[in-house]
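Below is one structure, written out as structure tokens; the observations come after it.
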Amino acid sequence: GPTPGLASTNTDEQWSAAFESVFLGAVRLARAAAAELGEGGVIGFVLSGSVHEPIPGLTISNGLRPGLAGFAKSLSVELGPRGIRVVGLLPARIDTDRVRELDALSGDAAAARAANESGIPLRRYGTPEEFGRSAAFLLSPAASYLTGIMLPVDGGSRHGF
1400 GPTPGLASTN TDEQWSAAFE SVFLGAVRLA RAAAAELGEG GVIGFVLSGS
1450 VHEPIPGLTI SNGLRPGLAG FAKSLSVELG PRGIRVVGLL PARIDTDRVR
1500 ELDALSGDAA AARAANESGI PLRRYGTPEE FGRSAAFLLS PAASYLTGIM
1550 LPVDGGSRHG F
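In our numbering, the protein residues as written are 1400 to 1560.
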């Protein structure tokens, strides 16, 4: 993901690099996929819970991910008549190397994890396997009437509907 940092500390160069790789990279890939897919095709975006609620210390990600969600929603409207679905997954604390790296930025990874877990209704981080099963469902024919949706995979962390 983009370089961690604050609004006051992230540089223009960090913003530009993240916009090019994270934002435009995803847009370009989605456009290329859309040109090749036919009816029944699905384009999936892995975004972030920051689409709905900013994550402290991840200012650049907080700025880019909601924009990609908007792009995905727009694309779902454009591609729907062709029978192509566009969906997004919004992971929160999934136990990955990236999340462990972010926890370590606090100086005490174990304490950061405990604090984060206490704010998750299920009181734990999700596993990569759980995230994978959520993605498999959303991309499968079992979800054939879902498009333009952004599915939180967050153990109930998101407090809104």
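Virtual Cβ for every residue (Gly too), placed ideally from N, Cα, C.
Keep in mind it's a predicted model, so treat the numbers as computed, not measured.
What number of angstroms, rounded off, separates the C-alpha of residue i from the C-alpha of residue j?
| i | j | result |
| --- | --- | --- |
| VAL1421 | GLU1412 | 14 Å |
| ARG1427 | GLY1439 | 20 Å |
| LEU1537 | VAL1441 | 9 Å |
| ALA1491 | ALA1541 | 24 Å |
| ILE1519 | VAL1445 | 20 Å |
| ARG1560 | LEU1521 | Checking the sequence, you will find Phe at residue 1560 rather than Arg. Roughly 17 Å between the two C-alpha positions. |
| ARG1523 | ASP1553 | 10 Å |
| GLU1419 | LEU1467 | 12 Å |
| GLY1525 | LEU1423 | 28 Å |
| ALA1535 | ALA1434 | 22 Å |
| GLY1443 | PRO1480 | 17 Å |
| GLY1456 | PRO1403 | 6 Å |
| SER1505 | ARG1497 | 14 Å |
Just tell me which of the options has its CA closest to the CA of residue i.
| i | options | result |
| --- | --- | --- |
| LYS1472 | ARG1557, SER1556, ASP1553 and MET1549 | MET1549 |
| ARG1557 | ASN1515, ALA1431 and ARG1497 | ASN1515 |
| LEU1489 | ASN1409, ALA1513, HIS1451 and LEU1436 | HIS1451 |
| GLY1400 | ILE1454, LEU1436 and ARG1430 | ILE1454 |
| SER1517 | ALA1429, SER1533, GLY1555 and ARG1499 | GLY1555 |
Under a Cβ-count criterion, where at least 16 other Cβ atoms within 10 Å of its own Cβ denotes burial, should residue i be classed as buried or exposed?
| i | result |
| --- | --- |
| LEU1501 | buried |
| ALA1503 | exposed |
| THR1458 | buried |
| ALA1417 | buried |
| ALA1406 | exposed |
| ALA1431 | exposed |
| GLY1437 | exposed |
Quick check on residue i - is its C-beta less than 9 Å from some C-beta in chain C?
| i | result |
| --- | --- |
| GLU1528 | In summary, chain C is missing from the structure at hand, where a single protein chain is found. |
Curious, which full-length alpha helix (DSSP H) runs of at least 4 residues does the region 1488-1551 contain?
Segments of the alpha helix (DSSP H) lying fully in the region 1488-1551: 1496-1503, 1508-1517 and 1527-1538.
Is it the case that the region 1539-1553 contacts the region 1469-1485, given that we only count it when at least three CB pairs across the two stretches are under 8 Å?
yes
Counting Cβ pairs closer than 8 Å, one from the region 1458-1465 and one from the region 1514-1529, do we hit at least three?
no
I want to know whether the region 1507-1514 touches the region 1474-1483 - three or more CB-CB distances under 8 Å.
Touching, no, given that fewer than three Cβ pairs across the two stretches are closer than 8 Å.
Hey, which unbroken runs of the alpha helix (DSSP H) at 4 residues or more fall wholly within the region 1421-1499?
1424-1435 and 1458-1478
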